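Colleague: Numbering (my numbering), first residue to last: 825 to 1349.
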Ligand SMILES: [Fe+2]
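(1) Taking all protein chains shown into account, do 16 or more other C-beta atoms lie within 10 angstroms of the C-beta of residue 1134, making it buried, or fewer, making it exposed?
(2) Whole angstroms is fine: what's the gap from residue 935's alpha carbon to residue 1295's?
(3) Tell me the DSSP secondary structure of residue 1049 in three-state form.
(4) Cβ atoms of residue 1070 and residue 1193: under 9 Å apart, would you say?
(5) Run through DSSP, which three-state label would residue 868 get?
(6) Let me know the secondary structure DSSP gives residue 1349 once reduced to three states.
(7) Taking three-plus beta-carbon pairs below 8 Å as touching, is the region 1201 to 1211 in contact with the region 1249 to 1256?
(8) Between the C-alpha atoms of residue 1335 and residue 1214, what's the straight-line distance to the nearest angstrom?
(9) Helix or strand or just coil, what does DSSP make of residue 984?
(10) With a threshold of 8 Å, establish whether the CB of residue 990 neighbours any heavy atom of ligand 1.
(11) Report yes if the C-beta of residue 1050 is less than 8 Å from at least one heavy atom of ligand 1; otherwise report no.
(12) Quick one: Cα of residue 962 to Cα of residue 933, how far?
(13) Just how far apart, CA to CA, sit residue 937 and residue 992?
(14) Note the first and the last residue of the continuous alpha helix (DSSP H) segment covering residue 1101.
(15) Decide if the region 1027 to 1045 is in contact with the region 1078 to 1087; the criterion is three or more beta carbon pairs, one per stretch, under 8 Å apart.
(16) Is it a yes or a no for the region 993 to 1005 touching the region 948 to 965, going by three-plus beta-carbon pairs under 8 Å?
(17) Going by DSSP, what residues sit across from residue 958 in a beta bridge?
(18) Pull up the distance between the alpha-carbon of residue 848 and that of residue 1040, whole angstroms please.
(19) Within the present structure, is the beta-carbon of residue 1210 separated from the nearest heavy atom of ligand 1 by less than 8 Å?
(20) For a quick check, are the C-beta atoms of residue 921 and residue 865 less than 9 Å apart?
(21) With DSSP run on the structure shown, which of helix, strand or coil describes residue 1172?
(22) What residue from 1347, 1325, 1332, 1333 has the CA that sits closest to residue 995's CA?
(23) Taking C-alpha atoms, which residue in 1217, 882, 906 lies nearest to residue 868?
(24) Tell me which same chain residues have a C-beta within less than 8 Å of the C-beta of residue 1260, skipping the five on either side of it?
(25) Report back the beta-carbon spacing between residue 1269 and residue 1304 to the nearest angstrom; my notes put them in contact at under 8 Å.
(26) With DSSP collapsed to three states, give me the class of residue 1141.
(27) Residue 1290 to residue 1198, Cα distance in whole Å?
(28) Whole angstroms are fine: how far does the CA of residue 971 sit from the CA of residue 952?
(29) Taking the beta strand (DSSP E) that residue 1236 belongs to, which residues open and close that run?
(30) Can you tell me the Cα-Cα spacing of residue 916 and residue 927, whole angstroms?
(31) For residue 1188, which of helix, strand or coil comes out of DSSP?
(32) For residue 1343 versus residue 1234, is the C-beta spacing smaller than 9 Å?
(33) Starting from residue 1304, follow the beta strand (DSSP E) in both directions and report where the run begins and ends.
(34) Rounded to whole angstroms, what is the Cα-Cα separation between residue 1248 and residue 988?
(35) Roughly how many angstroms lie between the CA atoms of residue 958 and residue 912, to the nearest whole one?
(36) To the nearest whole angstrom, what separates the beta carbons of residue 1132 and residue 976, a pair I think is in contact under 8 Å?
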């Protein structure tokens, strides 16, 4: 029997209210004690480098950026830190040798946030590159490179950025990042599955010996493992990042507070989500406005590159209704077309639509997780779509695409991760009306490592393309996607590596597409 998403959702919402009103239990939860404890340590003498996880920056504005680090002398176990706060000095300047410092300050790395640091620097010049680093006691961090965005009133000539997703540590090497840092990039987007929550697998390439992660310390240690990768660290040092999560930062294919598994205690699942979200915040260059409140964390937000591009970074996990049909592949009418089915939740959807309507940006970019195009994987009359993607939420997808079709600019581009394969799609309000005009384009980027070596083209590629004529490209190799945006054109280049089971794979541009201003169609470049 397929589970009924609506009755399960109500059951979980009931538990949520009960849980959040139980004041006594809140006192023992980690997120209520965010304040610094004890007298801060200012003269730490480290026996091991506390900056092994490197540095990162993110969410830039035209006059500021978030600078991040986390003190971790033992990243895999979380040991080697005092139970008190540690004073951290930060500095930001205009040269790589840190001679021309323009801002400096002190902050506290607190045990409550696992000795992570999120400095929100302000007062910088628009459209400028900067360099930054941290000091804690006798240790100094590596130097990171970051930049501010052009002023909101300016229409810049060009933006270059890359996007990536899905970096299962055990599945392969992060060679894609090694190549990405050779590109001149203004921004790097990560669209989710930054970590995977599962237990150590058999016959995997890069082993860890942990079980499936549940506790806050488990999640913290998993980030410690992933962030120890040298190529990932270098990529964070290369440019500011815009991050959003997918499911594996918490639990595979979860929907709001509903586990993919039946009979999961909703209270335990909620506590686990609080652990997962807190560890995510601690390890990402995010603003304090995203600081989680228990099992909730407001991650959706916009970042503008002058008037050239407006990035709406979306969260399709935290507020979604349960996947229809038990997350199977068959689109059961009553559930897929249920008017209450939602991926964004009511508030985020309203926020997104009003943002899109107000936007004067040349290009409106949606950075999100799951594929929007309705791709039918079975030739002929039988239809099979992934219920975890927008295809499981048909009414919500139509609402989104209808809204996009009414915007004054026809330059909406959707960026997607999740499925470890490359796709280039033209999006239609109604995918049954194949002759209807496309209203936006979608670039789905493959994984950094998830899925192992991958393949160039699946055997069934030609039937897949004829079944879904709005799909213009598909490839299953590992890599990342590079985009160059000007006022007149958007260029997307699929950068792929032929293997990840050994380090050092070469990179190639597998395919390139152009979208012209006010013409949401894909042309091969
Ligand atoms: Fe993934």
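Backbone N, C-alpha and C define an ideal beta-carbon position, used for all residues, glycine too. Everything numeric in this text was worked out from a predicted model, so none of it was measured.
Modeller: Reading from the atomic positions:
(1) Buried: at least 16 other Cβ atoms inside 10 Å.
(2) If I take the Cα positions, the gap works out to 49 Å.
(3) Helix.
(4) Yes, the Cβ-Cβ distance between residue 1193 and residue 1070 is below 9 Å.
(5) Residue 868: coil per DSSP, three-state reduction.
(6) In the displayed model, residue 1349 falls within coil according to three-state DSSP, outside both helix and strand.
(7) Judged by pairs of C-beta atoms under 8 Å, the region 1201 to 1211 does not touch the region 1249 to 1256, as fewer than three such pairs exist.
(8) Residue 1335 and residue 1214 have their C-alpha atoms spaced approximately 25 Å apart.
(9) Note: residue 984 maps to strand in three-state DSSP.
(10) At least one heavy atom of ligand 1 is found less than 8 Å from the C-beta of residue 990.
(11) If you check the C-beta of residue 1050 against ligand 1, you find no heavy atom less than 8 Å away.
(12) Roughly 15 Å separates the two Cα atoms.
(13) Going from the Cα of residue 937 to the Cα of residue 992 covers about 24 Å.
(14) Segment 1090 to 1107, the alpha helix (DSSP H) holding residue 1101.
(15) Pairwise C-beta distances place the region 1027 to 1045 out of contact with the region 1078 to 1087, as fewer than three of them are shorter than 8 Å.
(16) No: the two stretches stay apart, fewer than three of their Cβ pairs being nearer than 8 Å.
(17) BP columns for residue 958 point to 914.
(18) With a pLDDT of 36 at residue 848, under the threshold of 50, the modelled position of this residue cannot be trusted, and the question is left open.
(19) Because no heavy atom of ligand 1 lies under 8 Å away, the Cβ of residue 1210 does not count as near it: no.
(20) Taking the C-beta atoms as reference points, residue 865 is found no nearer than 9 Å to residue 921.
(21) Looking at residue 1172 - three-state DSSP - the assignment turns out to be helix.
(22) Among 1347, 1325, 1332, 1333, the Cα nearest to that of residue 995 is on 1325.
(23) Minimum Cα distance to residue 868 is reached at 906.
(24) The beta carbon of residue 1260 sits closer than 8 Å to the beta carbons of 1252, 1253, 1254 from its chain, once the five residues preceding and following it are set aside; these are given in chain order.
(25) About 6 Å; that satisfies the 8 Å criterion.
(26) Coil at residue 1141, not helix or strand.
(27) As the crow flies, the alpha-carbon of residue 1290 is around 13 Å from that of residue 1198.
(28) The alpha-carbon atoms of residue 952 and residue 971 are separated by roughly 5 Å.
(29) Going by DSSP, residue 1236 is part of the beta strand (DSSP E) stretching over 1236 to 1240.
(30) Using only the alpha carbons, I get a separation of about 5 Å.
(31) Residue 1188 falls in the strand class under three-state DSSP.
(32) Yes.
(33) Where residue 1304 is concerned, the enclosing beta strand (DSSP E) stretches over 1295 to 1310.
(34) Each residue's Cα considered, the two are about 15 Å apart.
(35) Per the coordinates, the alpha-carbon of residue 958 lies some 7 Å from the alpha-carbon of residue 912.
(36) That belief does not hold up - the Cβ atoms of residue 1132 and residue 976 are roughly 11 Å apart, past 8 Å.
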